[in-house]
């Protein structure tokens, strides 16, 4: 075991990919000389050179389009979009080309493209740098959407994504970059198909992903001190969504609270709630509940930003309410 940061786990994953496959290269704004706006690619330009660590202009649609073209030509591009807010400028290439070409060509063309994006709020970067749009991308057929919440997933999901013949989006939460965790060197990889039970429990299921995972685990600790055992499910993969793990957990605990840093309306939490209602309604002893971000652009001021995002106290309060006897 070694203790490393989430940022270092991401950097090790990229470095390993570059060492393993000469077709692999990194492309994005400030990924080279600056080392990435979150320092994930720091030092890679000096080690691998400008042919494989390529700084680009501020042109997200062009970056994503070049990535699609490189992937079609047989390379293995890793495209970095500085923040998922800016990825909307690249939506045409991501949705109309990367996600669609395999289907439109009857499987003649694959697009083995990986796009990494920073996501989420919590660092006072204001509305244009703080949103959680991974749920939007999970709406699009043809994409795989990953959200690593642990250093193990941050270290190993990239290799699995690069091995996939289709486009994969990886959303890295900005608050997690400085988080530390233990990495087991004996673990050589992770799958990108299944959710994980991060904590077992019997009284309710907390279903979450990304930076809401450590908050749910902290809430579960607090609830346990009061005699409430919460099971914590880390979705990890938002598309294709692993409904089976969620349904199995809800079937054990009979209560479900979904915690999602995205906005409630039209969110991934809404999709999970619908699937639980479709497949496990009669397993529920209480209505489904959700804790999501306030439906406002994420504020800059620290106290307002904290109020807008799901916090541990919100999760604990919602869980306690879910366990109250019906009046």
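In our numbering, the protein residues as written are 765 to 1091. Here a beta-carbon is modelled for each residue, glycine too, at the ideal position from N, C-alpha and C.
- Burial is judged here by how many other beta carbons sit within 10 angstroms of a residue's own beta carbon; residue 876 has at least 16 and is buried.
- Under DSSP, the beta-bridge partners assigned to residue 968 are 994.
- About 5 Å separates the CB atoms of residue 968 and residue 1017; that is less than 8 Å, so the two are in contact.
- When 972, 946, 991 and 846 are compared, the shortest CA-CA separation from residue 1002 is found for 972.
- Across the set 1000, 914, 902 and 888, the C-alpha of 902 shows the shortest separation from the C-alpha of residue 859.
- The Cβ atoms of residue 816 and residue 782 lie closer than 8 Å to each other.
- Close CB contacts of residue 984 within its chain, under the 6 Å cut and outside five residues either way in sequence, are with 963, 994 and 996 (chain order).
- In the displayed model, residue 863 falls within coil according to three-state DSSP, outside both helix and strand.
- Judged by beta-carbon spacing, residue 932 lies within the 8 Å limit of residue 908, meaning their Cβ atoms are closer than that value.
- Cβ neighbours of residue 1063 within its own chain (closer than 7 Å, five residues either side excluded): 1069 and 1072.
- At a Cβ-Cβ threshold of 8 Å, residue 822 and residue 844 do not count as neighbours.
- For the 8 Å CB-CB criterion, residue 774 and residue 840 do not form a contact.
- Per the coordinates, the alpha-carbon of residue 1080 lies some 10 Å from the alpha-carbon of residue 988.
- Its Cα nearest to that of residue 936, the residue 848 stands out among 1036, 1078 and 848.
- Taking each of 1087, 825, 806 and 1061 in turn and checking the Cα distance to residue 889, the smallest one comes out for 1061.
- Contact check between the segment 946-958 and the segment 913-924: three or more CB pairs, one atom from each, fall below 8 Å, which counts as touching.
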